[in-house]
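In the numbering used here, the protein residues as written are 7 to 680.
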Amino acid sequence: MSNQENKITPANLNWDDTGNPYSKDYQDIFYSRADALAESSYIFLEANNLAERWQNLNGKSFIIGECGFGGGLNFLNTCKLWSENFAQHESAPINSTLYYLACDLHPFNKKELTHLHQKYPELTTYSDALLQVYPPLLAGIHSRYLILKGCKVVLILMFGDTRKMLEKVWQANGFRVDAWYLDGFSPALNADMWDEPLCSALADLSKVGTTLSTYSAAGLVKKSLRKNDFTIERKTGFANKRHMLVGKYNPTSSQQKNSKTMWFQLPSPEYNDKKAIVIGGGLAGCSTAYELAQTGWQVTLIEREQKIASKASGNPRGIVYCKLSNSTGASADYYLHSYLFALEHYQQFSKHNTIDWTPCGLLQIAYNPRELTRQNQALKKHSPAHFIKPLNALEATEIAGINLDSGGLFFPESGFLNPQALCHAYTQHTNITCITNTKALELSYENNIWHVQGSRGNSVQAPIIIIANSHDAHSFQQTQHYPLLRNFGQIDEYPTTKLSRSLSCVLCAKGYILPANTKVQFIGGITKSDEILVTDRNSLAEENLDLTSAINSDITEEFKKIGLIKSRTGVRCSSPDYLPLVGPVENKNYCQEVYKALRRNAKKDVVQEPVYEPGLFINVAHGSHGLTSTPIAANYLANIINKSPLPLTNANLNCLHPIRYLISNLKKQRESAD
Ligand SMILES: Cc1cc2nc3c(=O)[nH]c(=O)nc-3n(C[C@H](O)[C@H](O)[C@H](O)COP(=O)(O)OP(=O)(O)OC[C@H]3O[C@@H](n4cnc5c(N)ncnc54)[C@H](O)[C@@H]3O)c2cc1C
7 MSNQENKITP ANLNWDDTGN PYSKDYQDIF YSRADALAES SYIFLEANNL AERWQNLNGK
67 SFIIGECGFG GGLNFLNTCK LWSENFAQHE SAPINSTLYY LACDLHPFNK KELTHLHQKY
127 PELTTYSDAL LQVYPPLLAG IHSRYLILKG CKVVLILMFG DTRKMLEKVW QANGFRVDAW
187 YLDGFSPALN ADMWDEPLCS ALADLSKVGT TLSTYSAAGL VKKSLRKNDF TIERKTGFAN
247 KRHMLVGKYN PTSSQQKNSK TMWFQLPSPE YNDKKAIVIG GGLAGCSTAY ELAQTGWQVT
307 LIEREQKIAS KASGNPRGIV YCKLSNSTGA SADYYLHSYL FALEHYQQFS KHNTIDWTPC
367 GLLQIAYNPR ELTRQNQALK KHSPAHFIKP LNALEATEIA GINLDSGGLF FPESGFLNPQ
427 ALCHAYTQHT NITCITNTKA LELSYENNIW HVQGSRGNSV QAPIIIIANS HDAHSFQQTQ
487 HYPLLRNFGQ IDEYPTTKLS RSLSCVLCAK GYILPANTKV QFIGGITKSD EILVTDRNSL
547 AEENLDLTSA INSDITEEFK KIGLIKSRTG VRCSSPDYLP LVGPVENKNY CQEVYKALRR
607 NAKKDVVQEP VYEPGLFINV AHGSHGLTST PIAANYLANI INKSPLPLTN ANLNCLHPIR
667 YLISNLKKQR ESAD
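Here you go:
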C-alpha cells in the first residue's frame with residue numbers, strides 16, 4: 007500500500023436546514039429529502055426481499071455488500087430489520103450472523119454520523135452500537151463485532167476506492183455476498199462506482215441467486231451489470247423517481263477467477279460437523295477456540311501442562327504494543343490493523359470478563375537519534391491519526407507522571423492486561439472443553455477425520471485441527487518444515503516505591519515499565535536467543551534493569567535497592583520475517599512438486615492451487631506481540647473455516663500464509679523447504 011493509499015480523505019459535507027448532509031465534492035445529496043428511512047427500506051431492504059429470506063436461515067449467516075456507506079442509514083435500518091425479525095421469529099437470526107461489508111472512499115467522521123443519526127430516534131439503539139465501534143478514518147479493512155438486541159452483526163468497513171477494496175477482499179475461501187446495495191452518488195457524477203470493472207468485482211464476489219438493488223436506472227448501470235451476468239429488471243422508483251433497478255446474479259459459465267499467486271489460494275470446503283480440536287492453550291489457541299466457539303463450533307482444546315496459559319501466555323501482565331512501521335506494504339499494514347483490532351476487541355471483551363484491561367496509554371520513547379528518526383518517519387506516514395500523538399520531553403513527563411529526558415510517540419488508547427486471565431476468560435465459553443495435562447503426540451487423518459493421539463492414552467477426533475502450540479509445532483510431521491525461532495524473555499516483579507507509583511502510563515524504550523498495580527510493578531524487555539543464558543534469572547533481572555534505566559534511572563535504582571519479588575521466564579516463538587504463521591497447512595511434498603518450476607524461474611505463473619492437509623490449520627509465531635496479533639489472527643482463521651468475510655486484505659493474508667516459506671525457498675532455488 008503506497009503512502010497515498012494509506013490516507014483517506016474524509017467526506018466533505020454541507021448540512022442543509024433540515025439536517026441533511028450534502029457532498030460538496032460530488033455536488034449530490036446522500037439521502038432523499040422526502041423520507042430517507044422509507045427510501046432505504048423500499049430500495050434496499052424490500053427490493054432484496056430480506057425479511058422473507060431471513061425467515062429460513064436456520065443458523066446460517068447472511069452477507070450484505072454495500073457500495074457507499076455514507077452516513078450509515080442503510081446499515082442501521084438493516085440492523086433494525088435483522089433484530090426485529092428475530093423478535094418475530096425466535097428461531098430466525100439469533101444463531102446466525104449478519105455480515106455487512108461496506109465500502110467508502112470518503113467516510114463520515116464520528117461527529118458527523120452522530121449529528122445525522124440524531125434525526126432518527128427510532129435508530130438510536132443501533133446508532134449507539136455503531137458509534138461505539140466506529141473505526142478511525144484509516145484506509146483498509148476494519149472489522150467490528152456488534153450484538154444488537156441479542157443478534158450478531160459483523161460490520162466490515164472498507165475505507166478506500168470501492169473497486170480496489172472489493173478486489174482486495176476477493177478470496178477463494180468461498181465467501182460470497184447474498185445481497186448488494188448499490189448506493190453510490192449518481193452515475194452522472196461518479197461513474198467509477200457503476201462502471202464495468204466495478205460490476206465485474208461485484209460479480210466475482212457473487213454466487214448464483216445473489217440479488218442487488220439500486221435507486222439508479224441509468225443506462226450505464228444496466229449495461230455494466232448485464233455485461234457481468236446480472237439479470238436486471240426495472241421497478242417503480244421511490245417517491246418522485248420513476249424507476250429503480252433490481253437484479254440477480256445468473257452466471258452463464260461457472261468459470262472461477264484465478265489469482266495471480268495461486269499458492270495463496272485458501273481452501274473452501276464446507277464443514278457439516280462443527281467440531282474442532284485446538285492444540286495449545288496459550289493466547290493463540292485460546293483465542294482461536296473462542297472465535298470458533300462464538301460461531302457455533304464445539305471445540306476441544308488440548309493443553310500439555312496442568313493449566314492453560316502455562317507458557318509464554320502465562321505472564322501476569324502484558325502490553326498491547328503497536329509496531330508502527332515507517333515503511334509501506336502489507337506487513338506494515340497488518341501491524342497497524344492488528345493493533346486497532348486488538349484495542350477494540352479488549353474494550354468489548356473486558357466489559358463482560360475480568361482481564362484487568364487498563365487502557366492507560368503507552369509511550370514509545372525516542373531513546374536515541376535513530377529511534378527518533380524512525381518515529382518521525384512513521385508519524386509522517388500515518389499523520390493525522392487520533393491513535394498516535396507525538397510528545398516532546400516536557401509533554402511526555404506530564405503525561406507519564408515521572409521525569410523523562412526524551413519525548414516519543416504516545417498511543418493514548420493502548421495499555422496492559424493480564425494474559426493469563428484473558429486465556430482463562432476465553433475458555434469459559436460453553437462450547438469449549440479443555441483437556442489439560444495431555445500432550446498431543448501425533449496427528450493422523452483417516453476417513454475424513456483427524457485423530458489426535460494424547461499422551462495419556464486418550465484419542466480425540468474432529469474434522470478440523472488448529473495447531474497453536476507455538477514452537478512445539480515442530481513435533482508434528484505435518485508442520486515440522488516451518489521455520490520457527492525461539493527467543494527467551496523475562497518479566498520481573500518489584501515492590502512499588504513512592505516514585506514508581508506516580509507513573510501513569512506504560513513506558514517503552516529497549517525495556518518497558520508498567521504503571522503500578524496495587525503493590526507491585528512489572529518491568530521487562532530482555533530477549534535472548536540462547537537457552538543457556540537464561541538459567542540465571544537474577545542476571546537477567548539485572549539486564550532488564552539496565553534496559554529500563556534508559557527510561558528513568560531513579561526508578562530502577564530504587565528497584566535495585568529494594569530487590570526483586572519474583573521473575574517469570576518464557577519463550578517467544580517467531581518466524582524469520584517476524585510475522586506469524588496463520589492459515590491452512592499445505593502438504594509440503596505435493597506443493598514442492600507442483601511449484602518446482604519456481605526454482606528455475608521465480609517469476610513463473612503456476613496456475614495450480616496448493617494441496618492442503620484437509621482441515622488442518624496453524625496459528626503460531628506471534629513473537630513478542632501476541633496480545634496485539636492474536637485477536638485478529640484468531641478471527642481471521644475462524645472466518646476462513648466458516649467461509650465468512652475476512653478481516654484482512656488479500657495482501658495481508660498472503661503475508662501470514664504459512665506456505666510463504668515453502669514458496670520463497672523454492673524461489674531461492676533451495677532444494678528443500680526446510
Ligand atoms: C517474558 C515475556 C514477556 C512478554 N510480554 C509480552 C507483552 O507485553 N505483550 C505481548 O503482546 N506479548 C508479550 N510476549 C509474547 C506473548 O507472550 C506471546 O506472543 C504469546 O504468549 C504466544 O502465545 P502462544 O499461544 O503462541 O504460545 P504459548 O503461550 O507458549 O502457548 C503454547 C501452548 O501450547 C502448549 N503445548 C505445546 N506443545 C503441546 C502439545 N504437543 N500438546 C498440547 N499442548 C502443547 C504449551 O504448553 C503452551 O501452553 C511476551 C513473552 C515473554 C516470554
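All C-beta atoms, glycine included, are put in the ideal place defined by N, C-alpha and C.
{"query": "Is Ile-147 near ligand 1, judged by its Cβ being under 8 Å from some heavy atom?", "result": "no"}
{"query": "Give me the DSSP bridge partner(s) of Val-613.", "result": "DSSP output for Val-613 lists no bridge partner at all."}
{"query": "Taking 8 Å as the cut-off, does the stretch 452 to 468 touch the stretch 544 to 559 (at least 3 CB pairs, one atom from each stretch)?", "result": "no"}
{"query": "Give the single residue among Thr-575, Ala-42, Leu-491, Asn-558 whose Cα lies nearest to the Cα of Leu-587.", "result": "Leu-491"}
{"query": "Answer with yes or no whether the minimum CB distance from Lys-673 to chain B is below 9 Å.", "result": "Of the chains in the structure shown, none is chain B; there is only one protein chain."}
{"query": "In terms of residue numbering, what span does the alpha helix (DSSP H) encompassing His-477 cover?", "result": "Taken as a continuous stretch (DSSP letters only), His-477 belongs to no alpha helix (DSSP H), as it is neither H nor E."}
{"query": "What beta strand (DSSP E) runs, 3 residues minimum, are completely inside the stretch 104 to 169?", "result": "146 to 154, 157 to 165"}
{"query": "Applying the 10 Å Cβ sphere with the 16-neighbour rule, what's the burial state of Arg-578?", "result": "buried"}
{"query": "Quick check: is any heavy atom of ligand 1 less than 8 Å from the C-beta of Tyr-341?", "result": "no"}
{"query": "For Phe-81, does the three-state DSSP call read helix, strand or coil?", "result": "helix"}
{"query": "Just verifying my parser: in three-state terms, what is the DSSP assignment at Trp-21?", "result": "strand"}
{"query": "Does the stretch 239 to 257 touch the stretch 427 to 440, meaning 3 or more C-beta pairs lie closer than 8 Å?", "result": "no"}
{"query": "Output the residue ranges of the beta strand (DSSP E) runs that lie fully inside the stretch 518 to 567 and measure 3 residues or longer, sorted by chain position.", "result": "526 to 530"}
{"query": "I'd like to check one pair, Phe-81 with Leu-19: are the Cβ atoms closer than 9 Å?", "result": "no"}
{"query": "Please classify Lys-174 as buried or exposed, where buried requires at least 16 neighbouring CB atoms within 10 angstroms.", "result": "buried"}
{"query": "Does the beta-carbon of Val-227, which I'm using as the reference point, lie nearer than 8 Å to any heavy atom of ligand 1?", "result": "no"}
{"query": "Can you tell me whether His-663 is buried or exposed, with buried defined as 16 or more other CB within 10 angstroms of its CB?", "result": "buried"}
{"query": "Straight-line CA distance for His-477 to Trp-269?", "result": "24 Å"}
{"query": "Cα separation between Asn-593 and Val-600?", "result": "11 Å"}
{"query": "Is Cys-429 helix, strand or coil by DSSP?", "result": "helix"}
{"query": "Do you know how far the Cα of Leu-570 is from the Cα of Pro-275?", "result": "53 Å"}
{"query": "Work out the CA separation of Cys-73 and Leu-195 for me, nearest whole Å.", "result": "15 Å"}
{"query": "Measuring only the C-alpha atoms, how far is Pro-375 from Leu-397?", "result": "15 Å"}
{"query": "Assuming Leu-119 and Met-164 form a contact by the criterion Cβ under 8 Å, report the distance between their Cβ atoms to the nearest whole angstrom.", "result": "Their Cβ separation, rounded to whole angstroms, is 17 Å, which puts Leu-119 and Met-164 out of contact at 8 Å."}
{"query": "Based on Cα-Cα distance, which residue from Gly-190, Gly-156, Gly-146 lies nearest to Gly-77?", "result": "Gly-190"}
{"query": "Among the candidates Ile-473, Thr-168, Gln-381, whose CA atom is the shortest distance from the CA of Leu-208?", "result": "Thr-168"}
{"query": "Pick out whichever of Leu-289, Lys-66, Leu-298 has its Cα sitting closest to the Cα of Arg-281.", "result": "As written in the sequence, residue 281 is Lys, which differs from the Arg given in the question. Ranking Leu-289, Lys-66, Leu-298 by Cα distance to Lys-281 puts Leu-298 first."}
{"query": "Please find out if some non-hydrogen atom of ligand 1 comes closer than 8 Å to the beta-carbon of Gln-483.", "result": "no"}
{"query": "For Gln-675, does the three-state DSSP call read helix, strand or coil?", "result": "coil"}
{"query": "What I want to know is whether the C-beta of Val-626 ends up closer than 8 Å to one or more non-hydrogen atoms of ligand 3.", "result": "Here the bound small molecules are ligand 1; ligand 3 is not part of this structure."}
{"query": "Quick check on the DSSP output: what are the complete alpha helix (DSSP H) runs of length 4 or more inside the stretch 387 to 461, in order along the chain?", "result": "399 to 406, 425 to 432"}
{"query": "In three-state DSSP terms, what is Asn-374?", "result": "coil"}
{"query": "Could you pull out every residue in the same chain whose Cβ sits closer than 8 Å to the Cβ of Gly-25, ignoring the five residues on either side in sequence?", "result": "His-121, Leu-122, Gln-124, Lys-125"}
{"query": "Cutting at 8 Å between CB atoms, please list the residues of its own chain near Asn-9, excluding the five before and the five after it.", "result": "Low confidence applies to Asn-9: its pLDDT is 45, below 50, so where it sits in the model is not reliable, and the reading given next is rough at best. Within the same chain, Asn-9 has close Cβ partners Thr-334, Lys-387."}
{"query": "Does His-249 come out as helix, strand or coil in the three-state DSSP assignment?", "result": "strand"}
{"query": "For Pro-501, which residues does DSSP report across the bridge?", "result": "Val-526"}
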